[in-house]
Structure formats: structure tokens, C-alpha cells
Amino acid sequence: MQVQPYLTFYGQAEAALQFYEKALGAKTMFKMHFRDAPPNPDHPITPEMADKVMHASFTIGDSMLMCSDGDCRNTGGTHSGYSLSLNPASVDEGKKLFDALADGGEVTMPFQKTFWALGFGMLKDRFGVHWMINVEDLSQREDLAKRAAG
18 MQVQPYLTFY
28 GQAEAALQFY
38 EKALGAKTMF
48 KMHFRDAPPN
58 PDHPITPEMA
68 DKVMHASFTI
78 GDSMLMCSDG
88 DCRNTGGTHS
98 GYSLSLNPAS
108 VDEGKKLFDA
118 LADGGEVTMP
128 FQKTFWALGF
138 GMLKDRFGVH
148 WMINVEDLSQ
158 REDLAKRAAG
């Protein structure tokens, strides 16, 4: 089984997909607009919604994520109660990803060395999605596990 986050972008899904392609090397695997859905007389598609993303799936590394514009009623695009975590192999890669995601967003913890990681930082990107970038310090893994066990 896999957990696949489903993000709602409230009218900004196209821009978000393009941003993640540039910032993270994401690849859009599938995208359907509301205009592509079979007609439903009980729920007709409005002209404003026709070009919005009904559903899309994209990959970041080996992970699959999904998204849509939702019903576009909430334009604030609140993403709270979770963060997406990236675990790059090197500090240089981590810093590059952090800086790319932070462009137009808000840094909540600068990318820096910590007692558990060679590099760690947190941010909210321009679409309101919270991210953690964690470059694990493998030499600390055993020591941290012992501390956590008490």
C-alpha cells in the first residue's frame, strides 16, 4: 500500500504543476480538465470551470502525488495540518530544492545543519503547501535511536 497526498489548489493547479516541474523536477503523469468530463445535466460545467484541473497526478522522485483545482470556491488555498517532506541525498541538493520551493513563499525555518540532520529547513511555498527538506545525517541514526528509546 502507498499513501498518495491529494492537494487542492483552488484554481491554481496548472501553475502549481508548472512550478513543481521547474523547482523539483516533477513530472505530470496525467491531467484531466473539467471540460473533459462526460456531460452531466444535474451538474453542468460552468465556462469558468471548463479549463480548471479536475484531476492530475504527478511524480516527485519515486513518489506519486495527485491534485486538482477542487471547486474553486475557496480562493485562500489553505493547506494546514501537514507538511510534505523531501529527503535528498546531499546538502547541496537539499539547499537547491529548499531555495527553489521558497521562491515566492515563506521560510519558516532556514535551511541549516541541526543535531539530527546535515541540513534541514521548513517553508510554505507560494501555493500555501508546507514543506520540510531533511538531509539525514546517517552517522547520527543509531545515536538518535538510542536517545529516543530512552
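The numbering of the sequence shown is the working numbering, which starts it at 18 and goes up by one.
Glycine included, C-beta positions come from ideal geometry on N, C-alpha and C.
Glu123 - containing beta strand (DSSP E), residue span: By one-based count along the sequence shown, residue 123 stands at place 106. Start and end: Glu123 to Gln129.
CA-to-CA distance, Thr76 to Thr45, given in whole angstroms: Working through the sequence shown from its first residue, we reach residue 45 at position 28. Working through the sequence shown from its first residue, we reach residue 76 at position 59. The alpha-carbon atoms of Thr45 and Thr76 are separated by roughly 7 Å.
Tell me, please, whether the CB atom of Lys44 is closer than 8 Å to any CB atom in chain B? The structure shown contains no chain B; it is built from a single protein chain.
DSSP three-state assignment for Tyr37, whether helix, strand or coil: The residue you call residue 37 lines up with position 20 of the sequence shown. Note: Tyr37 maps to helix in three-state DSSP.
Span of the alpha helix (DSSP H) holding Val108? The residue given as residue 108 occupies position 91 in the sequence shown. Note, Val108: alpha helix (DSSP H), Val108 to Ala119.
8 Å Cβ cutoff met for Lys112 and Gly136: Sequence index remark: in the sequence shown, residue 112 carries index 95 (1-based). Sequence index remark: in the sequence shown, residue 136 carries index 119 (1-based). Taking C-beta atoms as the reference points, Lys112 and Gly136 count as a pair closer than 8 Å.
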